[in-house]
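Participant:
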Amino acid sequence: MQITHLGHACLLVESADVRVLIDPGSFTGDFTQLRDLHVIVVTHQHRDHLDPERLPELVRANTDALLLCDPDSVEVLRGVGLEPSVHQPDGTLIGDLTITPVGAIHALIHEEIPRISNVGVRLSAPGEPSLFHPGDALDGEPGPVDVLAFPLNAPWQRSREMTAFVRRIGARQALPIHDALLSSTGRGLYLGQARTLGSPDTEVRDLAGRGAVLFS
1 MQITHLGHAC LLVESADVRV LIDPGSFTGD FTQLRDLHVI VVTHQHRDHL DPERLPELVR
61 ANTDALLLCD PDSVEVLRGV GLEPSVHQPD GTLIGDLTIT PVGAIHALIH EEIPRISNVG
121 VRLSAPGEPS LFHPGDALDG EPGPVDVLAF PLNAPWQRSR EMTAFVRRIG ARQALPIHDA
181 LLSSTGRGLY LGQARTLGSP DTEVRDLAGR GAVLFS
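Mapping of the sequence shown onto UniProt numbering: position 182 corresponds to residue 182, and the numbering continues sequentially without gaps.
Here it is in structure tokens:
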């Protein structure tokens with residue numbers, strides 16, 4: 001499995017000869033040049049995970065790619081001329097790669113802000129590491145996974161909740177995402193907490209600016 005952190009919550013995952021792009025949002029750099037995608041996943045409708053201006057261009061350039069999303073994002077995507085598919089409960093098989101939906105609701109931001117749907121994804125294939133991307137929620141139950149993408153910082157998340165999430169999932173490897181709101185100083189602080197207060201059995205690997213990184 002190769003993973004590229006394209007910025008904020010957006011990952012390009014290449015596993016079992018399948019190319020999956022997760023959460024191309026407005027805080028991510030230019031993703032419109034990506035080609036040969038098989039699946040584009042949107043975990044929820046917030047703009048930092050779904051960029052309504054640039055996503056149509058990406059879909060037009062990858063006409064064979066399946067666009068998978070949570071239930072509440074369907075109307076948003078149709079509003080910009082796209083035809084998404086909602087996750088099936090048992091998952092979606094693309095080649096040898098299974099994309100399984102995990103979770104249902106976005107984490108609470110504030111009592112006065114209505115909650116929306118949020119569906120994370122577990123990616124797995126025979127002979128490849130499994131990956132869990134939770135979107136914006138920490139209550140998903142993906143089962144055992146080899147690689148965890150965990151939100152490093154968010155308006156809806158305390159740092160102690162972040163480290164507890166890393167510890168609860170207990171993946172062999174973890175990579176920080178959802179980091180666009182942090183300065184370099186703050187990012188280093190949160191990374192230090194993830195490494196020292198998360199699971200002692202989890203190696204935290206920072207992919208920012210490193211291009212495609214191999215996971216085994």
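Where is the CB? At the ideal position from N, CA and C, for every residue including glycine.
Looking only at C-alpha atoms, which of Asn-62, Gly-25, Arg-60 sits nearest to Asp-51?
Facilitator: Translated into positions along the sequence shown, residue 51 becomes position 51. That would be Gly-25, whose Cα lies nearest to the Cα of Asp-51.
Participant: Using C-beta distances below 8 Å, list every residue in its chain close to Asp-201, excluding the 5 sequence neighbours before and after it, in chain order.
Facilitator: Working through the sequence shown from its first residue, we reach residue 201 at position 201. Closer than 8 Å at Cβ, skipping near neighbours: Gly-170, Arg-172.
Participant: So the alpha helix (DSSP H) Glu-161 belongs to, where does it begin and stop?
Facilitator: As a working mapping, residue 161 is identified with position 161 in the sequence shown. Note, Glu-161: alpha helix (DSSP H), 159-169.
Participant: With Ile-3 and Phe-215 assumed to form a contact (beta carbons below 8 Å), what rounded beta-carbon distance in angstroms separates them?
Facilitator: As a first step, residue 3 is located in the sequence shown; it is residue number 3 there, counting from the start. As a first step, residue 215 is located in the sequence shown; it is residue number 215 there, counting from the start. Indeed they touch by this definition, with Cβ atoms about 6 Å apart.
Participant: Note down, in chain order, each residue of its chain lying with its Cβ closer than 7 Å to the Cβ of Gly-211, except the 5 sequence neighbours on either side.
Facilitator: Your numbering for residue 211 matches position 211 in the sequence shown. Excluding positions up to five away in sequence, the list reads Thr-4.
Participant: Alpha carbon to alpha carbon, how far is Gly-186 from Pro-142?
Facilitator: In the sequence shown, the residue the question calls residue 186 occupies position 186. In the sequence shown, the residue the question calls residue 142 occupies position 142. Between Gly-186 and Pro-142, the C-alpha separation is close to 29 Å.
Participant: In angstroms with no decimal places, state the Cα-to-Cα distance between Asp-23 and Gly-120.
Facilitator: Taking the sequence shown and counting its residues from 1, the one referred to as residue 23 is at position 23. Taking the sequence shown and counting its residues from 1, the one referred to as residue 120 is at position 120. Between Asp-23 and Gly-120, the C-alpha separation is close to 10 Å.
Participant: Just to confirm, does Gln-157 get its C-beta within under 6 Å of one of the non-hydrogen atoms of the ligand PLP?
Facilitator: You won't find the ligand PLP in this model; it holds no ligand whatsoever.
Participant: Hey, how far is the Cα of Ala-149 from the Cα of His-133?
Facilitator: The sequence position of residue 149 within the sequence shown is 149, counting from 1. The sequence position of residue 133 within the sequence shown is 133, counting from 1. Approximately 5 Å between the Cα atoms of the pair.
Participant: Identify every residue that forms a DSSP beta bridge with Pro-101.
Facilitator: Mapped onto the sequence shown, residue 101 falls at position 101. Looking at the DSSP assignment, Pro-101 forms a beta bridge with Val-121.
Participant: Report buried or exposed for Gly-40, applying the criterion of at least 16 other Cβ atoms within 10 angstroms of its Cβ.
Facilitator: By one-based count along the sequence shown, residue 40 stands at place 40. Rather than Gly, the amino acid found at residue 40 in this sequence is Ile. Ile-40 is buried by the Cβ-count criterion.
Participant: Going straight from the alpha carbon of Pro-155 to that of His-110, what length do you get?
Facilitator: For the purposes of this step, residue 155 is identified with residue 155 of the sequence shown, where counting begins at 1. For the purposes of this step, residue 110 is identified with residue 110 of the sequence shown, where counting begins at 1. Roughly 9 Å between the two C-alpha positions.
Participant: Return yes when the Cβ of Phe-31 is within less than 7 Å of the Cβ of Asp-48, no when it is not.
Facilitator: Against the sequence shown, residue 48 aligns to sequence position 48. Against the sequence shown, residue 31 aligns to sequence position 31. No, the pair does not count as a contact, with Cβ atoms beyond the cut-off.
Participant: Cα separation between Leu-191 and Asp-206?
Facilitator: Reading the sequence shown from its first residue, position 191 is the one you call residue 191. Reading the sequence shown from its first residue, position 206 is the one you call residue 206. Taking the straight line from one Cα to the other gives about 8 Å.
Participant: Could you check whether Gly-135 and Thr-43 sit closer than 7 Å to each other, using their CB atoms as the reference points?
Facilitator: As a first step, residue 43 is located in the sequence shown; it is residue number 43 there, counting from the start. As a first step, residue 135 is located in the sequence shown; it is residue number 135 there, counting from the start. Yes; because the gap between Cβ atoms is below 7 Å, this pair is in contact.
Participant: Secondary structure at Thr-32, three-state DSSP: helix, strand or coil?
Facilitator: Sequence index remark: in the sequence shown, residue 32 carries index 32 (1-based). Here Thr-32 sits in coil by DSSP.
Participant: If Thr-98 and Ala-125 are in contact, beta carbons under 8 Å, what's the gap, nearest whole angstrom?
Facilitator: Indexing the sequence shown from 1 puts residue 98 at position 98. Indexing the sequence shown from 1 puts residue 125 at position 125. Right, their Cβ atoms sit about 7 Å apart.
Participant: Work out the CA separation of Glu-161 and Leu-67 for me, nearest whole Å.
Facilitator: Looking up residue 67 in the sequence shown gives position 67. Looking up residue 161 in the sequence shown gives position 161. Their backbone Cα atoms lie some 30 Å apart in a straight line.
Participant: Measure the beta-carbon distance from Gly-107 to Leu-138 and round it to whole angstroms, keeping in mind my assumption that it falls under 8 Å.
Facilitator: Counted from its first residue, the sequence shown places residue 107 at position 107. Counted from its first residue, the sequence shown places residue 138 at position 138. Note that residue 107 corresponds to Ala in the displayed sequence, not to Gly. Correct: roughly 6 Å between the Cβ atoms.
Participant: When DSSP labels each residue in this structure, what does Arg-60 get in the three-state scheme?
Facilitator: Residue 60 sits at position 60 when you count from the first residue of the sequence shown. Arg-60 falls in the helix class under three-state DSSP.
Participant: Rank His-46, Val-204, Pro-129 by C-alpha distance to the C-alpha of Cys-10 and give the top, closest one.
Facilitator: Your numbering for residue 10 matches position 10 in the sequence shown. Of His-46, Val-204, Pro-129, the residue nearest in Cα terms is His-46.
Participant: Report, in whole angstroms, the separation of the C-beta atoms of Val-102 and Val-86, which I expect to be a contact under 8 Å.
Facilitator: Numbered from its first residue, the sequence shown carries residue 102 at position 102. Numbered from its first residue, the sequence shown carries residue 86 at position 86. Not confirmed; about 14 Å, so no contact.
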